[in-house]
Structures are given as C-alpha cells and as structure tokens.
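Accompanying notes for the structure given below.
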Amino acid sequence: MLNFIELPADGVRFEQLVREMLIRSGFEVHWTGVGADGGRDLVATEKVQGLLAPFSRKWLVSCKHKAHGGGSVGVSDVTDITDACKAVGAAGFLLACSTQPTSGVVKRLEELQSEGSVLTSFWDGVEIERRLNVPELFPLIHQFLPESAKSQPWKIFATQSPSVWAAYYKDYFLYLNCRIGHAFPDLREVEFIASKLESIALPGDGDSQHYIRLRAVYFDDKHEQFSVFADYLYPHDDVASTIKPAALNKVLQSGMGLHQDDSGMWYLTHWDIRYVPTHPHSDRFQLDGAEHYDRFMSSFTVGFAREGWIDEIEDPDEDDEISF
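If you want my numbering, it's the position in the sequence shown, counting the first as 1, plus 43.
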C-alpha cells in the first residue's frame with residue numbers, strides 16, 4: 044500500500060506525480076496558473092481514436108493533496124468547475140486527490156456530467172495506486188514514493204521500445220511486452236501467472252534441483268490474451284525425472300482462460316515452456332543467464348512461441364542440446 048504522506052504537504056510533488064502519470068499514459072500536459080489554494084492545475088490533452096476519425100479533448104486536472112491531515116476533499120475545495128474548464132477550453136474535469144472526495148463532491152461531479160456541462164472523473168488515493176500498478180507507470184513509485192517502493196516486489200525499467208519493459212519480480216528477471224505501449228494490464232495478472240508456475244512441485248534438491256524460470260509475458264491487447272515464456276531447467280543427466288509437457292499442461296491449461304467463473308473465462312493464456320538441460324556443476328551455470336533471453340527477444344516481443352506451446356511440444360530426451 045502506498046503512503047502518500049511521503050510527498051511534501053505543499054502538494055508540489057503530488058502535482059508532479061499526477062503530471063508524470065498523465066504524460067506516461069499518452070496525454071500532452073502543461074501547467075495552468077496558480078489557483079486560489081496556491082496549487083497549479085494541469086491541462087491534459089487526450090488523443091482519442093474515434094469511430095470515424097481520431098480527435099482530441101482537453102481535461103482540466105485539479106490536484107488536492109490532503110494525506111498529511113487525512114481529510115477528504117470537500118465541495119469548498121472544488122469550485123467554479125464549469126467556468127474554469129471554459130477558461131482553458133477543456134471538455135472535461137479530473138479531480139486527483141491523495142485521500143478521497145466527499146460524497147458531496149462526487150454528487151456534484153455526477154450532476155455536472157449528467158447536465159452535459161462537462162465530462163467529469165476523479166482519482167482518489169486508491170485509484171492512483173491502481174493506475175500506478177502497470178509497467179509504464181510503476182517506476183514512478185520508486186521516483187516519488189521511495190519508502191513505499193521498498194515493500195513492492197517489483198522493479199521495472201524502460202527499454203528502447205515504448206511497449207517493452209525489463210523487470211525484476213521477486214527473484215525473477217523477465218520482460219513485459221504488449222502490442223500497444225499503454226495497454227498492459229495490472230501487474231497482479233503477472234503475479235498470478237508466476238504463482239501458477241510456482242505451484243508446480245518440481246523434483247530434485249541441491250545440485251539435482253529442477254527449476255521453472257519465468258522469462259517474459261506478452262499481452263495482446265487486441266484479443267486480450269497472454270503469451271507466457273518460461274524455461275524448465277533440469278540436470279542434463281536427469282531427463283527421466285522431468286515433469287513432462289502433458290503433466291505441466293494439466294496445471295497450466297494452455298489456450299484456456301487465466302481466470303474463469305460461472306460466466307466464462309477471460310485472458311486466454313498460451314504457455315511456452317522450453318526444456319533446457321543444464322550442467323549445474325559448471326562455473327558457467329546460471330539460472331537467468333543472458334543466453335536464456337537474447338536469442339529469443341523476437342518471440343518475447345511479438346508473442347510467438349519459440350519451439351511450440353506446452354500442449355504442442357514433445358517430451359524432452361537425452362539427445363537435447365546441453366545449455367549451461
């Protein structure tokens with residue numbers, strides 16, 4: 044859970060956090076003048092892909108940082124919304140606050156939208172935390188809330204591509220990829236993917252231990268489905284003990300939904316598990332060496348299987364090429 048008290052009470056850093064969130068989400072952002080409360084509002088231009096043609100619209104963004112006192116944002120804190128939007132040519136108003144708005148503020152925003160005066164929305168502290176929990180925004184937690192970041196299991200870094208991120212999760216190093224840079228789902232989905240792999244009881248111990256290492260997760264936002272890439276590392280002289288693809292697939296169910304309930308399934312997920320024989324006694328042996336990533340980046344970044352999905356590949360055998 045994020046502690047917004049880390050941000051100074053004057054609200055400047057909170058405003059900067061919201062600004063960076065908007066920029067990384069694809070908005071064009073600039074400051075307006077200083078408001079009556081001493082804070083600066085933002086104007087954020089949203090690029091929208093319409094049914095017939097793309098268009099843009101402006102949002103006036105008002106930031107309220109009350110985490111130090113713990114108070115809610117009241118009606119008196121948000122006044123003249125319609126006039127303020129007209130003054131900057133904004134079609135929408137967004138309230139961003141580190142605590143929460145009162146019911147009176149929520150009602151007022153709903154009334155303005157129902158009247159057709161202006162589009163309205165609000166981000167409270169919970170919504171801001173939820174929005175930060177995606178790859179393109181997650182590094183902002185480390186930048187603005189370093190103490191809160193210490194309790195997070197993730198570290199995420201940008202790459203040369205806007206839709207590819209390098210990440211550390213627990214003791215994994217992996218790549219996160221998606222078709223469109225701002226479309227990757229909540230990181231809790233990747234945590235769930237990792238937990239499914241970790242639920243598989245693997246044979247061996249010590250130098251004879253078998254491992255499944257998560258390498259990459261690709262999200263196809265058009266079809267809302269995942270491609271998961273992992274390696275099954277086993278001692279080269281212990282192929283007989285490996286859990287075979289069919290048994291793994293009973294747990295993973297490649298091609299089926301990551302989640303399902305009585306209404307159906309969602310996030311269809313394809314699992315690419317590559318069997319990798321190793322020499323655990325070798326000085327060159329590494330669970331997460333570069334050789335497990337570099338030559339497969341083309342698959343990781345487009346979501347295509349390396350050698351086949353887990354429900355398609357054959358059992359490993361003693362003739363497999365040895366990898367260190």
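Just so it is clear, CB atoms sit at the ideal spot from N, CA and C, and this is done for glycine as well.
Predicted model only: the values in this text are computed from it and were never measured.
Span separating the alpha-carbon of residue i from that of residue j
{"i": "residue 113", "j": "residue 166", "result": "16 Å"}
{"i": "residue 367", "j": "residue 215", "result": "Caution applies to residue 367, whose pLDDT of 44 falls short of 50 and renders its modelled position unreliable; the value that the coordinates give is listed next. For residue 367 and residue 215, the distance between alpha carbons rounds to 18 Å."}
{"i": "residue 183", "j": "residue 175", "result": "7 Å"}
{"i": "residue 319", "j": "residue 275", "result": "6 Å"}
{"i": "residue 66", "j": "residue 228", "result": "18 Å"}
{"i": "residue 358", "j": "residue 200", "result": "36 Å"}
{"i": "residue 273", "j": "residue 72", "result": "39 Å"}
{"i": "residue 346", "j": "residue 62", "result": "32 Å"}
{"i": "residue 177", "j": "residue 170", "result": "12 Å"}
{"i": "residue 180", "j": "residue 328", "result": "34 Å"}
{"i": "residue 203", "j": "residue 223", "result": "14 Å"}
{"i": "residue 146", "j": "residue 55", "result": "26 Å"}
{"i": "residue 326", "j": "residue 250", "result": "13 Å"}
{"i": "residue 191", "j": "residue 338", "result": "36 Å"}
{"i": "residue 232", "j": "residue 283", "result": "33 Å"}
{"i": "residue 368", "j": "residue 53", "result": "One cannot answer for residue 368 here, as it falls past the ends of the chain, which runs 44 to 367."}
{"i": "residue 303", "j": "residue 324", "result": "42 Å"}
{"i": "residue 138", "j": "residue 189", "result": "24 Å"}
{"i": "residue 234", "j": "residue 281", "result": "30 Å"}
{"i": "residue 158", "j": "residue 305", "result": "38 Å"}
{"i": "residue 334", "j": "residue 240", "result": "21 Å"}
{"i": "residue 92", "j": "residue 68", "result": "15 Å"}
Same chain, Cβ closer than 7 Å to residue i, five either side skipped, listed in chain order
{"i": "residue 217", "result": "210, 257, 258, 259, 260"}
{"i": "residue 365", "result": "No answer about residue 365 holds up, because its pLDDT of 46 lies below 50 and its placement is not dependable."}
{"i": "residue 48", "result": "110, 111"}
{"i": "residue 127", "result": "103"}
{"i": "residue 195", "result": "184"}
{"i": "residue 70", "result": "87, 88, 89"}
{"i": "residue 193", "result": "none"}
Selected residue, minimal CA-CA separation from residue i, among the options
{"i": "residue 355", "options": "317, 342, 340", "result": "317"}
{"i": "residue 17", "options": "158, 125, 110", "result": "Absent from the model: residue 17. The displayed extent of the chain is 44 to 367, so no value can be given."}
{"i": "residue 248", "options": "234, 277, 101", "result": "277"}
{"i": "residue 100", "options": "90, 119, 222, 180", "result": "90"}
{"i": "residue 97", "options": "88, 103, 345, 104", "result": "88"}
{"i": "residue 330", "options": "255, 120, 344", "result": "255"}
{"i": "residue 116", "options": "168, 103, 93", "result": "168"}
{"i": "residue 119", "options": "136, 305, 197, 151", "result": "151"}
{"i": "residue 122", "options": "92, 95, 84", "result": "84"}
{"i": "residue 208", "options": "69, 64, 344, 284", "result": "344"}
{"i": "residue 197", "options": "206, 212, 189", "result": "212"}
{"i": "residue 75", "options": "92, 349, 106", "result": "106"}
{"i": "residue 267", "options": "240, 301, 234, 241", "result": "301"}
{"i": "residue 271", "options": "350, 93, 305", "result": "350"}
{"i": "residue 140", "options": "92, 157, 57", "result": "57"}
Proximal residues to residue i (C-beta, below 6 Å), its chain only, five neighbours per side dropped
{"i": "residue 226", "result": "264"}
{"i": "residue 172", "result": "45"}
{"i": "residue 360", "result": "none"}
{"i": "residue 136", "result": "103, 124, 128, 161, 163"}
Contacting residues, own chain, Cβ-Cβ under 8 Å from residue i (five flanking each side not counted)
{"i": "residue 353", "result": "288, 291, 292, 295, 297, 314, 315, 316"}
{"i": "residue 149", "result": "165"}
{"i": "residue 299", "result": "308, 311, 312"}
{"i": "residue 286", "result": "243, 245, 246, 253, 275"}
{"i": "residue 59", "result": "187"}
{"i": "residue 64", "result": "171, 174, 175, 180, 183"}
Test item: CB-CB of residue i and residue j under 9 Å
{"i": "residue 134", "j": "residue 161", "result": "yes"}
{"i": "residue 50", "j": "residue 108", "result": "yes"}
{"i": "residue 269", "j": "residue 236", "result": "yes"}
{"i": "residue 163", "j": "residue 153", "result": "yes"}
{"i": "residue 155", "j": "residue 125", "result": "yes"}
{"i": "residue 221", "j": "residue 206", "result": "yes"}
{"i": "residue 230", "j": "residue 262", "result": "no"}
{"i": "residue 341", "j": "residue 348", "result": "no"}
Test: residue i CB closer than 9 Å to a CB of chain C
{"i": "residue 215", "result": "As a matter of chain content, chain C is missing from the structure shown, which is built from one protein chain."}
beta-carbon residue i near the ligand GDP non-hydrogen atom, thresh 8 Å
{"i": "residue 220", "result": "Summarising the ligand content, the structure contains no ligands, and the ligand GDP is consequently not present."}
Could you tell me which whole alpha helix (DSSP H) segments of length 4 or greater appear in the segment 158-244?
Residue ranges of uninterrupted alpha helix (DSSP H) with 4 or more members, entirely inside the segment 158-244 and ordered along the chain, are 168-175, 182-187, 189-192, 230-241.
Threshold first: 3 residues or longer. Then list the beta strand (DSSP E) segments lying entirely within the segment 272-354, N to C.
For the segment 272-354, whole beta strand (DSSP E) runs of length 3 or above, ordered along the chain, are 299-304, 307-321.
Go through the segment 114-146 residue by residue and report every complete run of the beta strand (DSSP E) that reaches 3 residues or more, in order.
The segment 114-146 contains these whole beta strand (DSSP E) runs: 135-140.
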